[in-house]
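Undergrad:
Protein chains: 2
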Amino acid sequence: MKPQIASILTILSLFTSASLLANEPIQPIPTKAEVNELQSELGKKLYFDPRLSKSGFISCNSCHNLSMGGTDNLKTSIGHNWQQGPINSPTVLNSTFNIAQFWDGRAKDLKEQAGGPIGNPKEMASNHDLAVKVISSIPAYVEEFKLAFSSSKVDIDKITTAIAEFEKTLITPNSRFDQWLAGKKEAITLQEKAGYELFKTSGCVACHNGVAIGASTYQKMGVIKPYKTENNAKGRFSVTGKEADKFVFKVPTLRNIELTYPYFHDGNASSLTEAVNIMGNIQLGKEFTKEEASKIVAFLKTLTGDQPSFKMPILPPSNNTTPKPDPFGK
Amino acid sequence: MKPQIASILTILSLFTSASLLANEPIQPIPTKAEVNELQSELGKKLYFDPRLSKSGFISCNSCHNLSMGGTDNLKTSIGHNWQQGPINSPTVLNSTFNIAQFWDGRAKDLKEQAGGPIGNPKEMASNHDLAVKVISSIPAYVEEFKLAFSSSKVDIDKITTAIAEFEKTLITPNSRFDQWLAGKKEAITLQEKAGYELFKTSGCVACHNGVAIGASTYQKMGVIKPYKTENNAKGRFSVTGKEADKFVFKVPTLRNIELTYPYFHDGNASSLTEAVNIMGNIQLGKEFTKEEASKIVAFLKTLTGDQPSFKMPILPPSNNTTPKPDPFGK
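Listed in order, the protein sequences are those of chains U and X.
In terms of my numbering, the first sequence opens at residue 371 and continues consecutively.
In terms of my numbering, the second sequence opens at residue 371 and continues consecutively.
1. According to DSSP, is residue 637(X) helix, strand or coil?
2. Measuring CB atoms only, is the stretch 407-415 of chain X touching the stretch 492-499 of chain X, in the sense that at least three cross pairs come out at less than 8 Å?
3. Where does residue 650(U) sit, in a helix, a strand or coil, going by DSSP?
4. Taking residue 679(U) as the query, report the chain X residues whose CB atoms sit under 9 Å from its CB, ordered along the chain.
5. Based on the DSSP secondary-structure assignment, which residues constitute the bridge partners of residue 339(X)?
6. Tell me whether the stretch 660-679 of chain X and the stretch 559-568 of chain X touch, counting them as touching only if at least three CB pairs, one residue from each stretch, are closer than 8 Å.
7. What did DSSP end up calling residue 731(U) once you bin it into helix, strand or coil?
8. Looking at the unbroken alpha helix (DSSP H) that takes in residue 413(U), where does it start and where does it end?
9. Is there contact between the stretch 630-646 of chain U and the stretch 441-450 of chain U, where contact requires at least three CB pairs shorter than 8 Å?
10. Mind checking who residue 477(U) pairs with in its DSSP beta bridge?
11. Residues of chain U with CB closer than 7 Å to the CB of residue 426(X), please, in chain order.
12. Look up residue 694(X) in the DSSP assignment and say whether it is helix, strand or coil.
13. Could you give the distance in angstroms between the alpha-carbon of residue 371(U) and the alpha-carbon of residue 559(U)?
14. Please state whether DSSP places residue 401(U) in a helix, a strand or coil.
15. 7 Å is my cut-off, CB to CB: does residue 696(X) come that close to chain U?
16. Against chain X, with Cβ distances strictly below 7 Å, would residue 463(U) count as a contact?
17. Please say whether residue 652(U) and residue 597(U) have beta carbons closer to each other than 7 Å?
18. In the structure shown, what three-state DSSP assignment does residue 674(X) receive?
19. Tell me whether residue 549(U) sits in a helix, a strand or coil according to DSSP, three-state version.
20. So, using beta-carbon positions, are residue 468(U) and residue 585(U) closer together than 7 Å?
21. In whole angstroms, give me the CA-to-CA distance for residue 646(U) and residue 462(U).
22. Given that a residue counts as buried once 16 or more other Cβ atoms are within 10 Å of its Cβ, and exposed if not, what is residue 510(X)?
23. Output, in chain order, the set of chain X residues within a Cβ distance shorter than 8 Å of residue 688(U).
24. For residue 642(X), which of 525(U), 690(U), 648(U) has the nearest alpha-carbon?
25. Any beta carbon of chain U sitting closer than 7 Å to that of residue 494(X)?
26. Assuming contact is defined by CB atoms lying nearer than 7 Å, are residue 416(X) and residue 534(X) in contact in what I supplied?
27. Can you tell me the Cα-Cα spacing of residue 684(X) and residue 447(U), whole angstroms?
28. Would you identify the three-state DSSP class for residue 560(U), choosing helix, strand or coil?
29. Would you call the CB atoms of residue 648(U) and residue 623(U) closer than 7 Å?
30. Can you give the Cα-Cα distance for residue 656(X) and residue 614(X), rounded to whole angstroms?
31. Among 445(X), 550(X), 421(X), 484(X), which has the Cα closest to the Cα of residue 437(U)?
32. Give me, in chain order, the residues of the same chain whose beta-carbon lies closer than 8 Å to that of residue 570(X); leave out the 5 immediate sequence neighbours on both sides.
33. With distances taken Cα to Cα, identify the nearest neighbour of residue 419(X) among 697(X), 686(X), 694(X).
34. Compare the C-beta of residue 438(U) against all C-beta atoms of chain X and say whether one is closer than 7 Å.
35. Mind checking if residue 454(U) is an interface residue toward chain X, Cβ cutoff 7 Å exclusive?
36. Since residue 450(U) is in the alpha helix (DSSP H), which residue starts that stretch and which ends it?
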C-alpha cells in the first residue's frame, strides 16, 4: 500500500471510531485514575488491614476481594462472628463511577462508604474510635499519614479518605468491548456483537449504560413483574422512607460481570444466563430464547477489563500500645 | 587510597567476613529459592484462593497472611464458622527450613502440611475430593496445571505440590542481622550487638540457631520449670504417643519475630519482652534484668528480612459447573 493511501485509511478509520463511539450508549472506561498517590498507597495498606475489624481477621479485602473481581463471590457476606450479611457485597471495582455507594445508595461517596463496614456490628464490628486508636498506635502508619496528609493526627476522616483514594484506582480499562468501542473491530466476535445489539434493542441499555454500564440510576427491581425473594432488603425505601422507593436499588455495573457472581442484591442468580433471563422477564417483560440469552451472555463476558495490578502490601506491625484484636469476645 | 591497598583491604575484609560468618551459630538465609516457577505461580493463586474452603471465604492466606509476617497475629486462628483454633498459626515465612511442619511436626514437609487445613473441619472445612472438583471445574486452572505438571489431571497431590512450591519462595533475606553476618558492621547497633552476645551467652542459641534461628529441633516447653497454660496442645506426644514427648514442640523460627506476634504455641505472650522473659525463666532458669531483656529484644528486631514481594494474584472465575461455596451450612 502506498504511504498516502495508508494515511488516508488511518484517518478514515479514526473518524469511524470516533463516530462509532459517540453513537454508543456505553462509553469506554478511563485508563487511569487521578488520585493523590501518597494517600492511595496508604489507603491500599488500610484496605488490606484486618486490624480495622474487632476480630483482627476481616479487612475491606475480605468481602471486596481484589483477586476475585472485587467481591467475595458469596450470596451474602460473612461478617464478625460468622454472621450472615443481609445483602450481596457489590464489587469495589469501578465503584468510583457509582452514583452513590451501597445497593440503596445510602453513602454519597467512597469515603462515606468506607466508614460503614468498620463500625457495623455485623461486618467488621469495630468502631471509629477503636480503629483510630489501632492505626495511630503504629508509628509507621503515623509517618505515612504525615506524608500523605501533612498531619500526623490520625482520624477516621483521614482513614476513610485514604481508603477511598485507593478505591478510586480500582478501575478496569481495556476490556474487549472497550477495545471494540475504540475501533478495534476484531476485538469481539460476531456472536458477542449480536449480543450487544440485542442488549440494546431489548432495552437492557436503558439502565445499563454509560461508563460503568449501570451504576448511574436507581431502578425498581421488578418493573413489569414483582421480584420474588426471601431477602429483606427494601432498597431506597430505607433511605427515603418513601413507599415508591420500595425495592428500588442502584443499578449494578456490568463491568467485570463474569467475575462478580452471584448476581442481584440477594445473590440469588448464580449464573449470567439466569440473571439475564430474570432481568428480561421482570424488568422488560421479555422471554429470551436460549439463543438470545446466550448471545447477551457472550456480550457480557466481553466487559471484563484489566484487573487491578499491584504488589501485595506489607503492613506495619502492631506493638505493645496497639489495642489487641478480640475475635472471640470477652 | 592507592588501588593496591584498597584491593588488599577488600580481600582482608572478605576474610574477616568469612571467618566471622563461620564462627557464628546463626547463618544468613539464602537470597533466593530454587523452585519450579510454573508450579510456584500456580501455587500462589491456590494459596490465595478461598474456594479451597467449604465457605469460599478462607484461604491459606487468611491465617498465614503474607501482608502480616505470614501469620494472622491472633492467639489462635479463626476457622470455618468462626471456630476457635486450638493453636497459634505459625508463620509460613521461611517454613521451607523447618525440620517438619505444624508445631508438633506431624507433617513431614510443606506439601503434606498444605493438605491439612483444607480438609480440617475446624479450619477450611472442605475435603480433598471437593477441593479437586472445584479447581478442576475452572478451565484456566486446568490449563495452568497442564503447563506446570505436563498433565491436565488436577488432583490433591498436584494442588499441594504447587502450594508448597510457592511457599518455598517465601524466604526473607537481607535482615539487618544477615547484613551484619555478611560483614556490614554498621548494620546493627551496639545495643543490638550486645543483645546478640547475651542471646548466645545465656543459652538461647542452643535451640535458636542455624539458618532459621530455630525450626531445626523439637524441645520441651518448660525445661527448667513447667509452662502454665490453658491450651490443650500436647506437642510431639500427639504424634509419637511417648510420655517423654509431652509438651515437646518444634522450636519456632525467630526470623521476622517482630511481625509474628503473639508468641508461643498458645499465643499467650503478646510482646517480645514477655516472650524473652518467659523463655529465660522456664527454659534457662534465668531472670533477665529489664536491661538484658531489652537488649535481647533489640537483637530480635534485627531479624526482620525482606518480606515477600509479588503482585497480588488474580484468580480465574468459577462457572456453572463449579461446586458452590457453602458458608452457612445446609
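For each residue, glycine too, the CB sits at the ideal point set by N, CA and C.
Computed from a predicted model, the values in this text were never measured in an experiment.
TA: Short version:
1. coil
2. no
3. helix
4. 681, 682, 684
5. The structure shown does not extend to residue 339(X), since chain X is modelled only from 371 to 700, so the question has no answer here.
6. yes
7. No answer is possible for residue 731(U): the residues shown for chain U start at 371 and end at 700.
8. 407-417
9. yes
10. 471(U)
11. 443, 444
12. coil
13. Low local confidence applies: a pLDDT of 43 at residue 371(U) is under 50, so the model's placement there is unreliable, and no value is given.
14. coil
15. no
16. no
17. yes
18. coil
19. helix
20. yes
21. 22 Å
22. exposed
23. 443, 631
24. 690(U)
25. no
26. no
27. 20 Å
28. helix
29. no
30. 24 Å
31. 421(X)
32. 395
33. 686(X)
34. yes
35. yes
36. Segment: none, residue 450(U) is in no alpha helix (DSSP H) and carries neither H nor E.
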